[in-house]
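Novice: My questions will all concern the structure given below.
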Amino acid sequence: MNRTRLVFIATLALALGAFASAMAYRTLQSHIANGRVSTEDVVVATTDIAVGTRIQDKDVRVVQIPTDAVPPGSVRQTKRVVGRGVVLPIVRGEFILPGKLAAENAGSGLPSMIPPGMRAVSVRVNDTSSVAGFVLPGTRVDVLMTGNPTGSGESQTITVLKNVAVLANGQKLDRNLLSGEAQTAPVITLLVSPDDAQRLALATNQGRIQLALRNPLDTGQNQVAAINAHTLYEKTTPAPGAVRPKLKPSTPAPAPALPEAYPVEVIRGDKRDVTKLPE
Numbered sequence: 030m031n032r033t034r035l036v037f038i039a040t041l042a043l044a045l046g047a048f049a050s051a052m053a054y055r056t057l058q059s060h061i062a063n064g065r066v067s068t069e070d071v072v073v074a075t076t077d078i079a080v081g082t083r084i085q086d087k088d089v090r091v092v093q094i095p096t097d098a099v100p101p102g103s104v105r106q107t108k109r110v111v112g113r114g115v116v117l118p119i120v121r122g123e124f125i126l127p128g129k130l131a132a133e134n135a136g137s138g139l140p141s142m143i144p145p146g147m148r149a150v151s152v153r154v155n156d157t158s159s160v161a162g163f164v165l166p167g168t169r170v171d172v173l174m175t176g177n178p179t180g181s182g183e184s185q186t187i188t189v190l191k192n193v194a195v196l197a198n199g200q201k202l203d204r205n206l207l208s209g210e211a212q213t214a215p216v217i218t219l220l221v222s223p224d225d226a227q228r229l230a231l232a233t234n235q236g237r238i239q240l241a242l243r244n245p246l247d248t249g250q251n252q253v254a255a256i257n258a259h260t261l262y263e264k265t266t267p268a269p270g271a272v273r274p275k276l277k278p279s280t281p282a283p284a285p286a287l288p289e290a291y292p293v294e295v296i297r298g299d300k301r302d303v304t305k306l307p308e
């Protein structure tokens with residue numbers, strides 16, 4: 030099959046697909062116009078809406094779609110979303126769902142993203158302690174502290190908090206992590222409980238803070254023992270199942286040579302005979 034025929038077949042397939050789509054669209058529109066398909070009003074976004082933004086009238090509009098295609102929980106009127114803050118990114122043409130909006134009268138920006146009973150606490154970081162700027166809004170981290178315990182002159186590192194959500198990187202609240210680009214900022218804001226907020230504030234004043242980035246699927250809360258210089262340098266035993274170096278087999282020592290015959294003395298009366306018996 031030559032190149033010209035392949036191009037012709039591809040063009041024909043695209044034309045047939047476009048024709049079928051146009052016919053389906055026209056059929057659906059005619060059914061809607063004739064009242065044969067029931068529809069409902071649904072609010073959708075007219076533009077991309079970033080996290081922390083307060084929704085305005087120009088950001089949303091009402092469209093009609095078939096009733097069986099309406100997502101559960103969809104909003105029917107724009108007045109129910111205008112003025113509310115956005116806690117998750119919304120793209121153009123997307124249905125406005127309550128799960129992506131802050132509660133009514135909760136405002137917008139960072140305060141609207143803090144669930145009841147939680148607190149937002151910021152810590153100062155640098156390129157090293159913020160994992161080269163890859164600690165972004167929406168990621169999760171462990172908080173490590175290095176300092177000197179009371180009554181000890183030796184530094185040690187402990188894990189203060191585990192699996193903490195990151196709310197903001199500097200003043201950026203955008204949770205779009207698809208680009209994978211680093212965002213360097215001197216301050217990272219974390220979402221913690223009131224008790225953890227106290228621990229974090231104390232740790233910040235007691236020593237140096239380091240953030241450890243986690244895989245979002247790793248939600249383990251295993252205890253991690255504190256480590257100091259002695260623990261770091263002490264000789265450790267090989268872990269179970271560790272590969273050990275192979276030793277060269279030793280050559281067995283040669284067995285001592287045995288005598289060829291054993292002499293046996295036989296006494297018969299006053300005669301003595303010595304007879305050598307084989308091995």
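Plus 29 on top of the position in the sequence shown (first one is 1) and you've got my numbering. All C-beta atoms, glycine included, are put in the ideal place defined by N, C-alpha and C. Please read all numbers here as calculations on a predicted model, not as lab measurements.
Measuring straight from C-alpha to C-alpha, what distance separates Ala79 and Asn234?
Specialist: Position 50 of the sequence shown, counting from 1, holds the residue named residue 79. Position 205 of the sequence shown, counting from 1, holds the residue named residue 234. In a straight line, the C-alpha of Ala79 is about 34 angstroms away from that of Asn234.
Novice: In the structure shown, what three-state DSSP assignment does Arg243 receive?
Specialist: Indexing the sequence shown from 1 puts residue 243 at position 214. Coil at Arg243, not helix or strand.
Novice: Distance check for Arg83 and Gly112, CA to CA, integer angstroms please.
Specialist: What you label residue 112 is simply residue 83 of the sequence shown in a count that begins at 1. What you label residue 83 is simply residue 54 of the sequence shown in a count that begins at 1. When rounded, the distance between both Cα atoms is 5 angstroms.
Novice: By Cβ distance, which residues of its chain are closer than 7 angstroms to Val170, with the 5 residues on each side in sequence left out?
Specialist: Within the sequence shown, numbered from 1, the residue matching residue 170 stands at position 141. Closer than 7 angstroms at Cβ, skipping near neighbours: Val164, Val193, Val195, Leu240, Ala241, Leu242 and Arg243.
Novice: Per DSSP, Asp70 forms a beta bridge with which residues?
Specialist: For the purposes of this step, residue 70 is identified with residue 41 of the sequence shown, where counting begins at 1. Bridge partners of Asp70: Gln93.
Novice: Could you have a look at Ser15 and say whether DSSP puts it in helix, strand or coil?
Specialist: The requested residue 15 does not occur in the structure, where the chain is confined to residues 30 to 308.
Novice: Any idea what DSSP makes of Asp171, helix, strand or coil?
Specialist: Here residue 171 refers to the residue found at position 142 when the sequence shown is read from its first residue. Strand, per DSSP.
Novice: Are at least three pairs of beta-carbons, each pair with one atom in the segment 67-79 and one in the segment 38-51, less than 8 angstroms apart?
Specialist: no
Novice: Let's see if you can read the secondary structure: which residues bound the alpha helix (DSSP H) around Gln250?
Specialist: Walking along the sequence shown from the start, residue 250 turns up at place 221. Where Gln250 is concerned, there is no enclosing alpha helix (DSSP H), given that its DSSP letter is neither H nor E.
Novice: Alpha carbon to alpha carbon, what distance is there between Val189 and Pro178?
Specialist: Here the question's residue 178 lines up with position 149 in the sequence shown. Here the question's residue 189 lines up with position 160 in the sequence shown. Each residue's alpha carbon lies about 14 angstroms from the other.
Novice: Taking the alpha carbon of Val71 as the reference point, which residue from Thr260, Gln58, Pro101 and Gly146 has its own alpha carbon closest?
Specialist: Numbered from its first residue, the sequence shown carries residue 71 at position 42. Minimum Cα distance to Val71 is reached at Pro101.
Novice: Can Gly236 and Met174 be called in contact, C-beta distance under 8 angstroms?
Specialist: The residue you call residue 236 lines up with position 207 of the sequence shown. The residue you call residue 174 lines up with position 145 of the sequence shown. It is a contact, given that the beta carbons lie within the stated cut-off.
Novice: Considering only residues of the same chain and omitting the five flanking positions on each side of Ser158, which have a CB-CB separation below 7 angstroms?
Specialist: Here the question's residue 158 lines up with position 129 in the sequence shown. Excluding sequence neighbours, Ser158 sits near Ile238, Gln239 and Leu240.
Novice: Counting C-beta neighbours from all protein chains within 10 Å, is the total for Gly122 16 or more, i.e. buried, or is it exposed?
Specialist: Along the sequence shown, one-based indexing puts residue 122 at 93. Label assigned to Gly122: exposed.
Novice: Look at Ala232 and Thr186 and say whether their C-beta atoms are less than 8 angstroms apart.
Specialist: On the sequence shown, position 203 is the one that residue 232 refers to. On the sequence shown, position 157 is the one that residue 186 refers to. Cβ distance not < 8 angstroms, so Ala232 and Thr186 don't count as in contact.
Novice: What are the partner residues of Leu190, as DSSP defines its beta bridges?
Specialist: Stepping through the sequence shown from its first residue, residue 190 is reached at position 161. For Leu190, which the question treats as bridged, DSSP gives the partners Val172.
Novice: Please determine if the segment 146-162 and the segment 218-231 are in contact, where contact requires at least 3 C-beta pairs separated by less than 8 angstroms.
Specialist: yes
Novice: Is Val89 closer than 8 angstroms to Val16 when the C-beta atoms are compared?
Specialist: Any property of residue 16 remains undetermined from this structure, which presents the chain solely from 30 to 308.
Novice: For Gly176, which residues of its own chain have a beta-carbon under 6 angstroms away from its beta-carbon, when the five flanking residues on both sides are left out?
Specialist: Position 147 of the sequence shown, counted from the first residue, corresponds to residue 176. Answer for Gly176: Gln235 and Gly236, listed in chain order.
Novice: Which word fits Ser137, buried or exposed, when buried means at least 16 other C-beta atoms lie within 10 angstroms of its C-beta?
Specialist: Numbered from 1 along the sequence shown, position 108 holds the residue referred to as residue 137. Counting Cβ neighbours within 10 Å, Ser137 comes out buried, since at least 16 surround it.
Novice: Considering only the beta carbon of each residue, do Thr213 and Gly167 sit closer than 8 angstroms?
Specialist: Residue 213 sits at position 184 when you count from the first residue of the sequence shown. Residue 167 sits at position 138 when you count from the first residue of the sequence shown. No, the Cβ-Cβ distance between Thr213 and Gly167 is not below 8 angstroms.
Novice: For Asn257, collect the residues of the same chain with a Cβ closer than 6 angstroms to its Cβ; drop the 5 residues on either side in sequence, then sort them by chain order.
Specialist: The sequence position of residue 257 within the sequence shown is 228, counting from 1. Only Glu183 and Gln185 meet the Cβ criterion.
Novice: Using alpha carbons as the reference points, say which of Ile217, Lys191 and Leu202 lies closest to Asn251.
Specialist: Taking the sequence shown and counting its residues from 1, one reaches residue 251 at position 222. Among Ile217, Lys191 and Leu202, the Cα nearest to that of Asn251 belongs to Lys191.
Novice: Under the three-state reduction of DSSP, which class applies to Val116: helix, strand or coil?
Specialist: Counting from one through the sequence shown, the residue named residue 116 turns up at place 87. Three-state DSSP puts Val116 in coil, outside helix and strand.
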